[in-house]
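As structure tokens, the structure follows; a few thoughts come after it.
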Amino acid sequence: MAARGYTVLILPLGSALGSWDALRGFLRLRRLQGLERERDALLQGLELAERLRAWCQRHLQAAQRRRRHAQRAGADYLGDSGSDHSCLLLAKIQEGSTPPCSHQDQARDPPVPLWKRLEFQQQTLSVLREQNRLLIKEASAKSERIARLEREKALLVQLLRETQGGRSTAHRAPMFL
């Protein structure tokens, strides 16, 4: 939403510039201008919330597609589980869902204590460490599987050569690997 300009209203207040009527009119206009700015900020917040909602819906649909694909692939599917993205997505959503504090909100709601922020950071670190451990475990399992497949390939190549070695040279076919 583009920021719109504010209307300036000039009211003739009579002959006395320092009159109470002039002061009340000025204060009323100032208050209305502040309310107008607050309304504009809230409208921008709503627009941002709508974009965040659309972003979350897109990511939710993508996660559901990956889940359906994983279910169709069966138990042998070792694709990305998405757990490495979950913590980052959660942090991004939490960052976007915290409303901006106005002066009135700060007076009513005290700021988040340091120990709670540290606790959240510790929880985030724990989640990241656990995800790191799981990723290392998964990478090790895949590495072991690759090594096993390479050993099997070497055995099959050796068996093929032995089998071809037993044939006569006239029947020997070229071998491509």
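The letter at position 106 of the sequence shown is residue 106 when you use the UniProt record's numbering, and the numbering goes up by one with no holes.
From the three backbone atoms N, C-alpha and C, an ideal C-beta is built for every residue, glycine too.
For residue 120 and residue 27, the gap between their C-alpha atoms comes out near 44 Å. Straight across, the Cα-Cα distance linking residue 157 with residue 130 is about 41 Å. When the Cα atoms are used, residue 162 and residue 155 turn out to be separated by approximately 10 Å. The continuous alpha helix (DSSP H) containing residue 34 extends over residues 20-73. Look at residue 166 here: in three-state DSSP terms it is coil, with no helix or strand label.
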